[in-house]
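In this note's numbering, the protein residues as written are 11 to 250. Every residue, glycine too, gets a C-beta built ideally from N, C-alpha and C. Take a look at the structure below.
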C-alpha cells in the first residue's frame with residue numbers, strides 16, 4: 011500500500027511555483043510574438059463570398075419549417091441547382107485546401123511562423139525543465155486516482171510504491187502546457203486563448219476547404235424534409 015509523502019516546502023518555492031509562472035509568461039510572450047509575426051492580408055473576395063453563401067444556406071436549413079413549402083423549394087433550387095446554384099461547385103473548378111496553400115506562399119509562410127512560435131519556445135522550455143527539475147515530486151492532487159493516471163502524472167519517476175495522486179515536475183509541465191487555456195482566456199481574451207492542443211491539431215491541417223464545405227451544405231439541403239410549422243402552430247400553442 012502506498013505511503014503518504016511529506017513534500018519539502020522548498021520544492022513548492024523553487025520548483026512548483028517557478029515552473030507555473032514560467033509557463034504562464036511563455037504563453038503570454040508567445041501570443042505577442044505570434045501577433046507581431048502575423049502578416050496583414052487583405053481578405054479574399056471569393057472566400058468571403060463563399061463563406062456568406064454557407065451562412066445563408068445554414069440559416070435556410072435552421073428556418074426551413076417556418077416558410078411555406080413553395081418558398082422553401084424555390085430557395086433550395088437557388089442554392090443547389092446543378093447549373094448555376096450558389097452551392098454547386100464544378101469538378102474542374104474544385105481545388106482542395108492543400109493545393110490552395112501551395113499556390114499561396116503567404117499562407118504557407120504564416121503557417122510556418124505559427125508552428126515555429128509554438129515549437130521553439132516549448133522545446134527550449136522542456137529542455138530546461140528536464141535538465142533542472144527532472145525527478146522531483148512537485149505536488150499532490152487532493153483526490154484519489156486510479157492506476158491509469160500513473161503514466162500521465164508521474165512522468166520521470168519510476169516508483170510504483172508512490173501514490174498515483176502525486177505529480178512529478180515533468181508531468182506538471184505537461185499539465186500546464188495543455189491546461190492553461192482557461193487562464194489565458196481571462197488575461198488575453200477568449201479569441202486569443204488557443205491552447206497548444208489546438209495548435210498541434212492545426213499543424214497537420216491546410217486551412218479552410220471551401221469546395222468541400224459548399225458540397226456538404228448542398229447535400230444537407232437536398233435531404234431536408236420540409237414540414238411547414240404554421241398550420242400546426244395553434245395546436246402546439248394549446249399544449250402550453
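So, with DSSP's three-state summary, where would you put residue i?
i	result
residue 99	coil
residue 57	helix
residue 249	coil
residue 174	coil
residue 16	coil
residue 149	strand
residue 143	coil
residue 93	coil
residue 68	helix
residue 239	coil
residue 168	coil
residue 28	helix
residue 154	coil
residue 234	coil
residue 77	coil
residue 198	coil
residue 107	The pLDDT assigned to residue 107 is 49, lower than 50, so where the model puts this residue is not dependable, and the model offers no usable value.
Just to confirm, are residue i and residue j a CB contact at a threshold of 9 Å?
i	j	result
residue 64	residue 223	yes
residue 146	residue 36	no
residue 181	residue 164	yes
residue 154	residue 174	yes
residue 137	residue 179	no
residue 221	residue 99	yes
residue 70	residue 89	yes
residue 4	residue 239	Past the edges of the chain, shown from 11 to 250, lies residue 4, and the structure says nothing about it.
residue 44	residue 170	no
residue 67	residue 46	no
residue 198	residue 38	yes
If you compare alpha carbons, which of the options is closest to residue i?
i	options	result
residue 190	25, 15, 17 and 33	33
residue 227	56, 29 and 87	87
residue 14	183, 29, 177 and 233	177
residue 141	160, 19, 16 and 29	29
residue 120	48, 42, 19 and 245	48
residue 225	24, 60, 55 and 249	60
residue 123	42, 166 and 54	42
residue 31	56, 135, 55 and 54	135
Who are the near neighbours of residue i in its chain, counting only those whose CB is closer than 8 Å to its CB and skipping five residues on each side?
i	result
residue 241	none
residue 156	174
residue 139	29, 179, 180 and 183
residue 232	86 and 90
residue 211	Interpretation of residue 211 is limited by its pLDDT of 45, a score under 50 that renders its predicted location unreliable; the figure taken from the coordinates is listed afterwards. Within the same chain, residue 211 has no close Cβ partners at all.
Expressed to the nearest angstrom, what Euclidean distance is found between the alpha-carbon atoms of residue i and residue j?
i	j	result
residue 196	residue 247	43 Å
residue 72	residue 40	39 Å
residue 84	residue 243	23 Å
residue 217	residue 236	With a pLDDT of only 49 at residue 217, under 50, the local geometry of the prediction cannot be trusted, and no value is derived from it.
residue 192	residue 77	41 Å
residue 129	residue 82	50 Å
residue 158	residue 94	56 Å
residue 18	residue 24	10 Å
residue 188	residue 80	51 Å
residue 168	residue 132	24 Å
residue 234	residue 249	26 Å
Ignore the nearest five residues each way along the sequence and tell me which others in residue i's own chain have a CB closer than 6 Å to its CB.
i	result
residue 62	none
residue 150	175 and 176
Heavy atom of the ligand ADP less than 8 Å from the Cβ of residue i, yes or no?
i	result
residue 248	The ligand ADP is absent from the structure shown, which contains no ligands of any kind.
Leaving out five residues on either side along the sequence, give the residues of the same chain with a beta carbon under 7 Å from the beta carbon of residue i.
i	result
residue 160	174
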